[in-house]
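Below: the structure, in structure tokens.
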Amino acid sequence: MYQRMLVFLFVLISAHAFSQSQENLIWSNDGQSFYMLQDGDIVMQTPGNGNAIQWVKGKSLIPEGANQPIKIQKFTLSSNQEFVLIQTNSKRVWRYETMGDFYLLNTKTLQLKQLGKGLPAASLQFAKLSPNNQWIAYVSGHNLYAEERLTGKRVQLTKDGSKNLINGTFDWAYEEEFFCRDGFRWSPDSKNIAYWQVNANGVKNYLMINNTDATYPFAVPVEYPIAGEKPSIVKIGVVNLMSSTTKWMETPDDAVLGSYMPRMEWVPNGQQLIIQHLNRKQNTSQLLLADITTTKSKTIYIEQEKTWIDIMPSWDPSYANGGWDWLEDGKHFLWANESDGWRHFYIQSIDGSAPVCITPGNYDVIKTARIDFKNHQLFFYASPFNATQQYLYVKQWDTNKEAQLLSPKEQVGSHEYTISPNGTVAKHAFSNINIQPVQEWVSLPTHASIGASNVNNALVTYQKNGNAPEFFKVTTVDGVVMDAWMIKPQNFDATKKYPIVFYVYTEPWGQTAKDEYGTGFNQLYNGSMAADGYIYVSMDNRGTPVPKGKAWRKSVYQKIGEVNIRDQAMGAKELLKLPFVDTSRVAVWGWSGGGSATLNLMFQYPEIYKTGISIAAVGSQLTYDNIYQERYMGLPQEDKAVFIKGSPITYAKNLKGNLLYIHGTGDDNVHYQNAELLINELIKQGKQFSLMSYPNRSHSISEGEGTTEHLMGLYTRYLRQYCPPGAK
Numbered sequence: 008m009y010q011r012m013l014v015f016l017f018v019l020i021s022a023h024a025f026s027q028s029q030e031n032l033i034w035s036n037d038g039q040s041f042y043m044l045q046d047g048d049i050v051m052q053t054p055g056n057g058n059a060i061q062w063v064k065g066k067s068l069i070p071e072g073a074n075q076p077i078k079i080q081k082f083t084l085s086s087n088q089e090f091v092l093i094q095t096n097s098k099r100v101w102r103y104e105t106m107g108d109f110y111l112l113n114t115k116t117l118q119l120k121q122l123g124k125g126l127p128a129a130s131l132q133f134a135k136l137s138p139n140n141q142w143i144a145y146v147s148g149h150n151l152y153a154e155e156r157l158t159g160k161r162v163q164l165t166k167d168g169s170k171n172l173i174n175g176t177f178d179w180a181y182e183e184e185f186f187c188r189d190g191f192r193w194s195p196d197s198k199n200i201a202y203w204q205v206n207a208n209g210v211k212n213y214l215m216i217n218n219t220d221a222t223y224p225f226a227v228p229v230e231y232p233i234a235g236e237k238p239s240i241v242k243i244g245v246v247n248l249m250s251s252t253t254k255w256m257e258t259p260d261d262a263v264l265g266s267y268m269p270r271m272e273w274v275p276n277g278q279q280l281i282i283q284h285l286n287r288k289q290n291t292s293q294l295l296l297a298d299i300t301t302t303k304s305k306t307i308y309i310e311q312e313k314t315w316i317d318i319m320p321s322w323d324p325s326y327a328n329g330g331w332d333w334l335e336d337g338k339h340f341l342w343a344n345e346s347d348g349w350r351h352f353y354i355q356s357i358d359g360s361a362p363v364c365i366t367p368g369n370y371d372v373i374k375t376a377r378i379d380f381k382n383h384q385l386f387f388y389a390s391p392f393n394a395t396q397q398y399l400y401v402k403q404w405d406t407n408k409e410a411q412l413l414s415p416k417e418q419v420g421s422h423e424y425t426i427s428p429n430g431t432v433a434k435h436a437f438s439n440i441n442i443q444p445v446q447e448w449v450s451l452p453t454h455a456s457i458g459a460s461n462v463n464n465a466l467v468t469y470q471k472n473g474n475a476p477e478f479f480k481v482t483t484v485d486g487v488v489m490d491a492w493m494i495k496p497q498n499f500d501a502t503k504k505y506p507i508v509f510y511v512y513t514e515p516w517g518q519t520a521k522d523e524y525g526t527g528f529n530q531l532y533n534g535s536m537a538a539d540g541y542i543y544v545s546m547d548n549r550g551t552p553v554p555k556g557k558a559w560r561k562s563v564y565q566k567i568g569e570v571n572i573r574d575q576a577m578g579a580k581e582l583l584k585l586p587f588v589d590t591s592r593v594a595v596w597g598w599s600g601g602g603s604a605t606l607n608l609m610f611q612y613p614e615i616y617k618t619g620i621s622i623a624a625v626g627s628q629l630t631y632d633n634i635y636q637e638r639y640m641g642l643p644q645e646d647k648a649v650f651i652k653g654s655p656i657t658y659a660k661n662l663k664g665n666l667l668y669i670h671g672t673g674d675d676n677v678h679y680q681n682a683e684l685l686i687n688e689l690i691k692q693g694k695q696f697s698l699m700s701y702p703n704r705s706h707s708i709s710e711g712e713g714t715t716e717h718l719m720g721l722y723t724r725y726l727r728q729y730c731p732p733g734a735k
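Structure, rendered in structure tokens:
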């Protein structure tokens with residue numbers, strides 16, 4: 008999803024835990040302490056106690072035959088927490104450092120053993136111990152391996168892996184849009200491994216041209232299915248550890264259009280798999296039970312929407328890295344849907360009986376925080392009365408009692424928690440537009456501080472930041488009410504007129520109006536916008552992922568580039584009525600999806616926006632990947648017109664203002680082709696504009712010495728030149 012980079016880098020919005028990076032801490036099995044990385048060591052600590060015990064000394068981790076210790080970059084623990092799997096020498100695969108070297112440390116004997124000896128250096132992925140701690144499985148070179156812990160015996164479980172036939176991990180599109188990276192699962196009895204096989208042989212390559220790293224330019228191919236192209240063929244197999252033979256599960260597919268299987272996990276009985284199957288349009292979801300002996304599968308639940316069905320990691324972070332929320336009996340699990348118009352969690356049975364809602368009410372569950380299966384408690388985030396904020400609730404699902412608010416009402420803003428397995432203690436992080444992130448330990452459900460009450464102290468002592476955004480609501484001529492924020496210039500004088508700059512994202516994966524610290528920061532502006540005399544504004548239109556119900560979020564189906572753009576433009580019109588806004592100095596900017604919105608606003612409403620800075624934008628929706636674009640727009644072979652109607656390139660002929668377009672030529676996400684298509688159309692229409700191409704830079708435009716400083720300088724100079732700051 009091409010908007011994520013902007014959301015992460017420039018708005019400081021809390022991500023929904025899609026990252027594969029090392030968690031801040033790993034709880035002990037009893038929930039009384041936790042393990043974390045600290046100064047190169049793994050330490051053990053008790054909540055609220057600042058004195059950490061050195062558990063694994065990093066400097067002592069010297070492999071046999073080496074004279075230097077390895078660097079712990081990530082670690083996981085075995086189920087009995089006796090063994091530590093350590094990742095080092097990590098390398099990035101698309102977005103995250105999922106490849107590297109792995110070592111196994113026995114914390115009792117202190118024996119350190121490298122895994123995958125003889126395989127290429129830093130080529131292992133997703134190493135994990137079997138439930139009985141006797142084997143370690145991993146992927147290398149698109150094949151799946153298992154290595155016996157005691158003997159070092161290695162078994163190659165698949166042998167057909169290649170760049171386009173991928174075992175145990177995923178292709179670009181599955182990783183980017185479904186958050187699928189770790190593509191295999193140990194069976195509960197440690198005898199089998201279930202895994203995905205992705206056949207990308209039918210997917211065409213996007214060829215990016217590298218003009219800078221060799222005397223002769225060369226092509227960098229990326230298998231990338233654009234909208235309208237059939238996705239990779241995906242199968243799920245179960246390989247037996249002793250025989251190394253795979254049984255392929257029989258799952259539905261569409262021979263013409265194709266389909267998706269973004270989720271798979273073992274049923275606790277160890278004899279079945281549970282699989283989520285999505286049709287190509289992503290508006291029908293089936294949950295399948297597959298028998299590993301017969302390979303037959305049956306449907307236990309079907310969900311259908313007229314628009315699209317969001318995938319589970321959107322609101323349950325555990326699903327992003329593998330997992331399934333099984334209840335204690337192993338026959339029921341938690342699953343979310345929007346069947347009543349709101350996002351709620353349900354108890355679903357593997358026998359196919361109707362799901363039972365456990366979080367009823369006219370509000371959305373934003374995401375889960377912890378599931379305490381033993382005590383039947385779901386900890387989740389919601390904000391029924393203010394879509395810019397986030398609070399912790401708990402629901403006892405075996406009672407009829409309403410969900411209980413745990414976050415203190417007086418702590419107004421956004422809360423995050425890392426909750427112990429038994430649900431009795433949590434690491435609490437809080438911020439709002441005025442208060443920088445503060446952390447403390449609290450007891451649950453009372454929320455009493457363990458040690459210093461850092462959040463309350465911060466609330467008592469803070470001084471309002473004069474440069475912080477002010478939240479308000481904008482009601483458009485269409486009756487749409489949007490949450491928004493505004494930063495006014497320093498020494499604001501309401502009798503004068505100031506330039507206004509709109510920051511936009513507008514699509515289904517970005518919320519910009521959030522009551523958390525960092526909202527309103529513009530890290531591309533070299534200096535202070537408020538000090539220089541700009542009004543800075545952002546609004547969340549219909550279609551953005553705010554907790555306002557399904558109708559709000561899904562009103563943009565087949566209308567991205569229309570509904571979201573009109574909402575923004577009509578909201579801007581309302582703000583331009585303010586007596587202190589200079590309507591001759593109106594600018595808009597955005598990155599990725601926000602870059603696309605910037606183009607559409609400049610082209611569709613040239614009477615409003617005089618200056619635009621668009622970065623890494625999708626110029627034509629027909630060039631972006633099929634999973635993302637078809638989810639929200641349908642299939643182009645069925646209705647190509649909606650793709651054209653929503654694309655900025657369609658309206659390029661209307662450009663009147665000053666446009667700066669920026670793109671990295673090495674962008675593997677929103678390809679540079681978008682820039683060249685747009686450039687061609689602007690030339691054809693006789694439109695003058697400014698262009699900056701960053702050679703070989705990716706979607707983040709962050710690689711290379713001096714790149715960030717150059718981008719900031721370019722952005723700031725252009726804005727100041729064409730939308731001059733200061734009061735008049």
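In case it helps, this note's numbering puts the sequence shown at residues 8 to 735. No residue lacks a Cβ here, since even glycine has one placed at the ideal position from N, Cα and C. Since we're looking at a predicted model, the values are computed, not measured.
Practice task
Provide the residue span of the alpha helix (DSSP H) that contains A394, from first to last.
Solution key: Where A394 is concerned, there is no enclosing alpha helix (DSSP H), given that its DSSP letter is neither H nor E.
Handout entry: Inter-residue spacing [alpha-carbon to alpha-carbon] between I378 and G430
Key = 8 Å
Practice task
Run the CB neighbour count on T176, radius 10 Å, all protein chains shown included, and call it buried at 16 or more, exposed below.
Solution key: buried
Problem - M8 classed as buried or exposed, judged by whether at least 16 other C-beta atoms fall within 10 angstroms - result: Because the pLDDT of M8 is 45, which lies under 50, any placement of that residue in the model is unreliable, and the number read from its coordinates should be weighed accordingly. M8 should be labelled buried.
Practice task
Have a look at Q80, Q52, N58 and G47 and flag the residue whose alpha-carbon is nearest the alpha-carbon of K64.
Solution key: G47
Exercise for the section: State the Cα-Cα distance for the pair L280 and I69, rounded to the nearest angstrom. Expected result: 40 Å
Problem - Nearest neighbour of F392, chosen from H383, Q403 and I373 [CA to CA] - result: I373
Exercise for the section: With DSSP as the reference, please indicate the residues paired to S292 in a beta bridge. Expected result: L285 and E310
Problem - Helix, strand or coil at L667 according to DSSP, with G and I counted as helix - result: strand
Exercise for the section: For the alpha helix (DSSP H) containing R573, list its first residue and its last residue. Expected result: V570 to L582
Handout entry: Own chain residues within Cβ distance below 8 Å of Y1, not counting five before or after
Key = The chain is shown from 8 up to 735; residue 1 falls before or after that span and cannot be answered.
Problem - Of the residues V467, K338, R549 and S346, the one placed nearest Q418, counting alpha carbons only - result: V467
Problem - Spatial distance of T253 from N208 (CA atoms) - result: 21 Å
Exercise for the section: Identify, in the order they occur along the chain, each residue of the same chain with its Cβ nearer than 8 Å to the Cβ of D589, setting aside the five sequence neighbours on each side. Expected result: K504, Y505, P506, I507 and K735
Exercise for the section: Ignore the nearest five residues each way along the sequence and tell me which others in Q289's own chain have a CB closer than 8 Å to its CB. Expected result: Y267, W315, I316, I634, E637 and R638
Practice task
Using 10 angstroms around the beta-carbon of S28, count the other beta-carbons present and answer buried if the total reaches 16, otherwise exposed.
Solution key: Residue placement at S28 is flagged as unreliable, the pLDDT there being 37, under the threshold of 50; the coordinate-derived value follows with that caveat. The residue is exposed, with fewer than 16 neighbouring Cβ atoms inside 10 Å.
Practice task
Flag this pair as touching only if the segment 402-412 and the segment 423-440 have three or more C-beta atom pairs under 8 Å; answer yes or no.
Solution key: no
Handout entry: Counted within 10 angstroms of its Cβ, other Cβ atoms place E477 as buried (16 or more) or exposed
Key = exposed
Exercise for the section: Decide if I309 is buried, meaning its Cβ has at least 16 other Cβ atoms within 10 Å, or exposed. Expected result: exposed
Practice task
Report the option in P702, H717, I240 and G664 whose CA atom is closest to the CA atom of Q695.
Solution key: G664
Practice task
Less than 8 Å between the CB atoms is what I'm expecting for Q446 and H435, so what's the real figure, rounded?
Solution key: 7 Å
Exercise for the section: Report the residue from S321, G348 and P362 whose alpha carbon sits nearest the alpha carbon of L341. Expected result: P362
Handout entry: Same chain, Cβ closer than 6 Å to P496, neighbours up to 5 away in sequence not counted
Key = Y505, A537 and G540
Handout entry: Proximity winner among H706, S697 and Y701, relative to Q728 (alpha-carbon distances)
Key = S697
Exercise for the section: Alpha carbon to alpha carbon, how far is S169 from D189? Give it in angstroms, no decimals. Expected result: 17 Å
Exercise for the section: Please name the residue in L662, T657, A659 and A682 whose C-alpha comes closest to that of Y668. Expected result: A682
Practice task
Ignoring anything shorter than 3 residues or poking outside the segment 478-503, list the beta strand (DSSP E) runs there in chain order.
Solution key: 488-494
Practice task
Assign Q518 to one of two classes, buried (16 or more other C-beta atoms within 10 Å of its C-beta) or exposed (fewer than that).
Solution key: buried
Problem - Cutoff 6 Å; reference A625; Cβ partners in own chain excluding five residues on either side - result: Checking the sequence, you will find Val at residue 625 rather than Ala. Taken in chain order, the residues that qualify are S603, Y631, V677 and N681.
Handout entry: Cβ shell of R11 (< 6 Å), same chain only, five flanking positions each side left out
Key = Below a pLDDT of 50, predicted positions are generally treated as unreliable, and R11, at 39, falls in that range; the measurement from the model is reported next regardless. Around R11: no qualifying Cβ.
Practice task
Reducing DSSP to helix, strand and coil, say where H149 ends up.
Solution key: coil
Practice task
Verify whether the separation of the beta carbon atoms of N571 and T526 is less than 8 Å.
Solution key: no
Practice task
Please classify Y353: is it buried, with 16 or more other beta-carbons within 10 angstroms of its beta-carbon, or exposed?
Solution key: buried
Practice task
Would you identify the three-state DSSP class for I354, choosing helix, strand or coil?
Solution key: strand
Exercise for the section: Pick helix, strand or coil for Y729, following the three-state DSSP scheme. Expected result: helix
Practice task
Go ahead and pull the three-state DSSP assignment for I690.
Solution key: helix
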